[in-house]
Structures are given as C-alpha cells and as structure tokens.
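Participant: Here you go, one structure.
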Amino acid sequence: METGFPWGSTPTVDLRLWRSDAIVLFDWLMNTDLNTVPITHPAQKQALTDLFARLEEMDVAESTKEEIAAAQGEVAKDMGW
C-alpha cells in the first residue's frame with residue numbers, strides 16, 4: 002500500500018505506544034490546526050503530519066467518543082502534575 006511517505010530506503014524506527022496514548026494523540030491531531038501549533042522548524046509540523054497519517058492507518062482512527070474519553074482518563078490518571 003502506497004502511503005506517500007518517502008521512506009523507501011530511508012531508515013525507520015519502530016515505535017510501540019500504549020493504545021490509550023495512540024487514541025489520545027490521534028484525537029488531538031485530528032482536532033488540532035497544525036498551523037497554530039508552535040514550532041521552531043517546519044520539519045516539526047511535517048513530523049506531526051506523518052504521525053497523524055500513521056495513526057490514521059491503525060484501528061485507533063475508528064475510536065468512538067466513549068473510547069476517546071476512556072483513553073483520556075487512562076492517560077491522565079497517573080500524571081502527577
């Protein structure tokens with residue numbers, strides 16, 4: 002499947018996320034105007050866009066409002082700040 006990423010022979014990193022983190026990040030990225038996120042280099046915005054695209058390929062993109070709320074609760078419960 003073609004994803005539009007320039008990764009062909011570019012080194013990649015496998016990243017394992019707690020499912021709740023992935024749901025929270027996907028929901029945030031889906032509802033955030035990346036043009037308003039403070040960045041110091043355009044590559045940061047592109048990296049967030051790439052992360053969103055990867056998360057969009059996963060089943061977290063199908064999360065219901067209830068699943069998102071539960072994930073937010075799980076992620077936030079032991080923050081300590």
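Convert by adding 1 to the 1-based position in the sequence shown; the result is the number in our numbering.
Glycine included, each C-beta is placed from N, C-alpha and C at the ideal position.
Under the rule that 16 or more other beta-carbon atoms within 10 Å means buried, what is I40, buried or exposed?
Facilitator: Of the other Cβ atoms in all chains shown, fewer than 16 fall within 10 Å of the Cβ of I40; this residue is therefore exposed.
Participant: Under the three-state reduction of DSSP, which class applies to A70: helix, strand or coil?
Facilitator: helix
Participant: Would you say I69 and D28 are within 8 Å of each other, going by their C-beta atoms?
Facilitator: yes
Participant: Would the beta-carbon of L56 fall within 8 Å of that of L30?
Facilitator: L56 places its beta carbon less than 8 Å from that of L30.
Participant: Closest to D60 by CA distance: which of I24, W19 and L16 is it?
Facilitator: I24
Participant: Run the CB neighbour count on W19, radius 10 Å, all protein chains shown included, and call it buried at 16 or more, exposed below.
Facilitator: By the neighbour-count rule (16 or more Cβ atoms within 10 Å), W19 is not buried but exposed.
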